[in-house]
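Student:
Residue numbers (this note's numbering): 11 to 183.
(1) Quick one: what does DSSP say residue 75 is sitting in, helix, strand or coil?
(2) Within 8 Å, do at least three Cβ pairs link the stretch 53-64 to the stretch 78-90?
(3) Mind checking which residues open and close the alpha helix (DSSP H) that includes residue 97?
(4) According to DSSP, simplified to helix, strand and coil, what is residue 104?
(5) Quick one: give me the first and last residue of the alpha helix (DSSP H) that residue 21 is part of.
(6) Closest to residue 21 by CA distance: which of 29, 32, 47, 28 is it?
(7) Within 10 Å of its beta-carbon, does residue 95 have 16 or more other beta-carbons around it, so buried, or fewer, so exposed?
(8) According to DSSP, simplified to helix, strand and coil, what is residue 111?
(9) Where do the ends of the beta strand (DSSP E) carrying residue 38 lie?
(10) Residues in the same chain with beta-carbon distance under 6 Å from residue 73, minus the five sequence neighbours each way, listed in chain order, please.
(11) Tell me which residues share the same chain as residue 36 and place their Cβ nearer than 7 Å to its Cβ, disregarding the 5 neighbours each side in the sequence.
(12) Assign residue 175 to one of three DSSP states: helix, strand, or coil.
(13) Give the DSSP-derived three-state secondary structure of residue 58 in the structure shown.
(14) Since residue 45 sits in a beta bridge, which residues does DSSP pair it with?
(15) Here's a check: name, in chain order, each residue in its chain whose Cβ is nearer than 7 Å to the Cβ of residue 120, leaving out the five neighbours to either side.
(16) Using a Cβ-Cβ cutoff of less than 6 Å, which residues in the same chain neighbour residue 101 once the five nearest sequence positions on both sides are dropped?
(17) Please check the pair residue 93 and residue 27, which I expect to be a contact at CB under 8 Å, by giving their CB distance rounded to whole angstroms.
(18) Are residue 91 and residue 41 touching if we call contact CB-CB under 8 Å?
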């Protein structure tokens, strides 16, 4: 599947910017652009040339940072171009420093810990949720998890479990 076909499949989804995790909705995709609705309610276009051009550079170079996206393709929309590209099957990302990585052949379910987020395919868990889930997987109970992670609350454990179910596509409890 080519880059633009994958972008078209994002229509109707709510995505998040990579750095600040701000939500935006992909409301329409046509042959020329993606229309996104920002959390402020404002609708803005992201041109196909911006997305496809950045993707082509990413494939050629193997990685692409926000500065390059802004300078070459989208001075005002680099954040959204990066977030859209991060959803593609062959694209992974790092947060510190923020850059996209072209990784063909890696299955979408691979987990890659980068910066303060954990990428699982096209979905993400917060680092705090990932930490809690690791402790649960290690067999720790609530009290042990709270003792090992000062500042964590029962609510954080609940939120981590709820977030993991959401990422896995399972119904919430």
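We put the beta carbon where it would ideally sit given N, CA and C, even for glycine.
These numbers were taken from a predicted model, which means no experiment stands behind them.
Tutor: By the coordinates alone:
(1) strand
(2) Yes: the two stretches touch, three or more of their Cβ pairs being nearer than 8 Å.
(3) Run containing residue 97: none; DSSP gives neither H nor E here.
(4) DSSP, reduced to helix, strand and coil, places residue 104 within a strand of the structure shown.
(5) No alpha helix (DSSP H) holds residue 21; DSSP gives it neither H nor E.
(6) Each of 29, 32, 47, 28 was checked against the Cα of residue 21, and the nearest Cα belongs to 47.
(7) buried
(8) strand
(9) 33-39
(10) 109, 111
(11) 20, 21, 22, 23, 25, 44, 46
(12) helix
(13) helix
(14) 38, 55
(15) The pLDDT assigned to residue 120 is 36, lower than 50, so where the model puts this residue is not dependable; a value taken from the coordinates is nonetheless given after this. The answer is none, since no qualifying residue turns up.
(16) Around residue 101: 95, 110.
(17) So it is a contact: roughly 5 Å between Cβ atoms.
(18) Result no, Cβ atoms of residue 91 and residue 41 do not sit closer than 8 Å.
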